[in-house]
Amino acid sequence: MTVSRISSFALFPGPIARTEAEYVSPPAPVLLSSIPTGGGADVHVYRDSDGSLSSDCTGCGEYAWTLRVTTEFAQEHAASCLRRPRLRAA
13 MTVSRISSFA LFPGPIARTE AEYVSPPAPV LLSSIPTGGG ADVHVYRDSD GSLSSDCTGC
73 GEYAWTLRVT TEFAQEHAAS CLRRPRLRAA
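Residues 13 to 102 in the working numbering are what the sequence shown spells out, letter by letter.
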């Protein structure tokens, strides 16, 4: 059995348009609010490019994500987190 490759030039004579897809990164999350915690840290709430919400705590480092459009999850965490803000690495 012989396998032959058919050139795209043979199928489509003339100039061939380039069809490479370029990767475009999604827009950065948008900060919606910062909720203070009992320990002096903050829970930052973001709206992601897909419309979902995410949050991160500058105290304990907890990250949360939800499709539900509400900040209740972040408010509950802020009310219970007593950790002080983490030091950022230089």
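Positions of the beta carbon are idealized from the N, C-alpha and C atoms, including for glycine.
For the 7 Å CB-CB criterion, Leu44 and Val55 do not form a contact.
For a cut-off of 8 Å, the C-beta gap from Ser64 to Ala86 is around 13 Å, too long to register as a contact.
The beta carbons of Gly51 and Arg96 sit closer together than 7 Å. By the neighbour-count definition (other C-beta atoms within 10 Å, threshold 16), Gly73 is an exposed residue. Under the 10 Å beta carbon count, Ala53 is surrounded by 16 or more other beta carbons and is classified as buried. Under the three-state reduction of DSSP, Ser64 is assigned to coil, being neither helix nor strand.
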